[in-house]
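Engineer:
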Amino acid sequence: MAERSRGGMLPIIGQRPTERADAARNRRKILLAASRLIAENGAEHLSLDEVADAAQVGVGTVYRRFRDRAGLVQSLLDERERQFQEAFMQGPPPLGPGAPPLERVRAFLHALVDRVEEQSDLLLVAEATTPAVRYNDGPYPVRHLHLVTLLAQIRPDANAHYLAHALLAPFSASLIIHQRTNEGLGVERIKSGIDDLLALAGVRAEPDPAT
Numbered sequence: 065m066a067e068r069s070r071g072g073m074l075p076i077i078g079q080r081p082t083e084r085a086d087a088a089r090n091r092r093k094i095l096l097a098a099s100r101l102i103a104e105n106g107a108e109h110l111s112l113d114e115v116a117d118a119a120q121v122g123v124g125t126v127y128r129r130f131r132d133r134a135g136l137v138q139s140l141l142d143e144r145e146r147q148f149q150e151a152f153m154q155g156p157p158p159l160g161p162g163a164p165p166l167e168r169v170r171a172f173l174h175a176l177v178d179r180v181e182e183q184s185d186l187l188l189v190a191e192a193t194t195p196a197v198r199y200n201d202g203p204y205p206v207r208h209l210h211l212v213t214l215l216a217q218i219r220p221d222a223n224a225h226y227l228a229h230a231l232l233a234p235f236s237a238s239l240i241i242h243q244r245t246n247e248g249l250g251v252e253r254i255k256s257g258i259d260d261l262l263a264l265a266g267v268r269a270e271p272d273p274a275t
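Residue numbering for the sequence shown is 65 to 275, as defined by the numbering used here.
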């Protein structure tokens, strides 16, 4: 369920529903077990049966709680995504409010590189499991709306809606994994490329009329 930010503009991932103590305990055990298995073997081969065994809970408990592998992966992603959204909606500048729009766009895109890099294996599984859903649900619409809001302030003449999609396109986990693994690009090189993309798209600060 979504809630409003303090500014009342952007939806963010809401708080979890209240849980019984035993349900919350099982949830933590399952997520910790899944995180350990991913750290040891990667996310690609994660199975609910193995997670149940590692968490020492029944398989039915895992399925009732998360329904399927995609639901478990999404739960593993959610907590970190909440922190990321709080940072760009309510955190300190330049990522959060208080900096000029261009600085916020650049800080947001750089932070998004780090966000994808941090959980690239899980994000890759999420993209492969529900490829079409990512554009209509979850973090993507929030990120898109955030960029549209900032881009409209920088380039009122531009199609901010389309430009926001174009700037988010390089952030699929599969592309960043390819760049990191097959092309040998470091995180800073990717961020530098994003800066070049901003310049090519004409996203730049307006000159100060007083100078």
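Here a beta-carbon is modelled for each residue, glycine too, at the ideal position from N, C-alpha and C.
Starting from the C-beta of Leu110, find all residues in its chain whose C-beta is less than 8 Å away, skip the five residues before and the five after it, and write them out in chain order.
Structural biologist: Taking the first residue of the sequence shown as 1, we reach residue 110 at position 46. Closer than 8 Å at the Cβ level, and outside the excluded window around Leu110, lie Ala98, Leu101, Ile102, Arg133, Leu136, Val137 and Val189.
Engineer: Should Gln149 go down as buried or exposed, given a rule of 16 or more other Cβ atoms within 10 Å for buried?
Structural biologist: Stepping through the sequence shown from its first residue, residue 149 is reached at position 85. Buried, by the Cβ-count rule.
Engineer: Judging by CA-CA distance, which residue of Ala222, Thr245, Arg179 and Leu95 is the nearest neighbour of Tyr204?
Structural biologist: Along the sequence shown, one-based indexing puts residue 204 at 140. Ranking the options by Cα distance to Tyr204, first place goes to Arg179.
Engineer: Under DSSP, the alpha helix (DSSP H) around Ser256 begins and ends at which residues?
Structural biologist: Working through the sequence shown from its first residue, we reach residue 256 at position 192. That run of the alpha helix (DSSP H) goes Val251 to Leu264.
Engineer: Can we say the stretch 227–242 touches the stretch 184–198, given the rule of at least three CB pairs closer than 8 Å?
Structural biologist: Touching, per the Cβ criterion.
Engineer: Taking 8 Å as the limit between beta carbons, can you name the residues of its chain near Asp259, skipping five residues before and five after?
Structural biologist: The count along the sequence shown starts at 1 and reaches residue 259 at position 195. Counting only Cβ-Cβ distances below 8 Å, and skipping sequence neighbours, we find Arg170.
Engineer: Using a threshold of 7 Å, state whether the C-beta atoms of Val177 and Ile254 are closer than that.
Structural biologist: Taking the sequence shown and counting its residues from 1, one reaches residue 177 at position 113. Taking the sequence shown and counting its residues from 1, one reaches residue 254 at position 190. Taking 7 Å as the Cβ cut-off, Val177 and Ile254 qualify as a contacting pair.
Engineer: With a threshold of 16 other CB atoms inside 10 Å of the CB of Pro158, please say whether the residue is buried or exposed.
Structural biologist: Working through the sequence shown from its first residue, we reach residue 158 at position 94. By the neighbour-count rule (16 or more Cβ atoms within 10 Å), Pro158 is buried.
Engineer: Quick check on this structure: which residue in Gln147, Arg198, Leu96 and Phe152 has the alpha carbon closest to the alpha carbon of Gln120?
Structural biologist: Counting from 1 along the sequence shown, the entry for residue 120 is found at position 56. That would be Leu96, whose Cα lies nearest to the Cα of Gln120.
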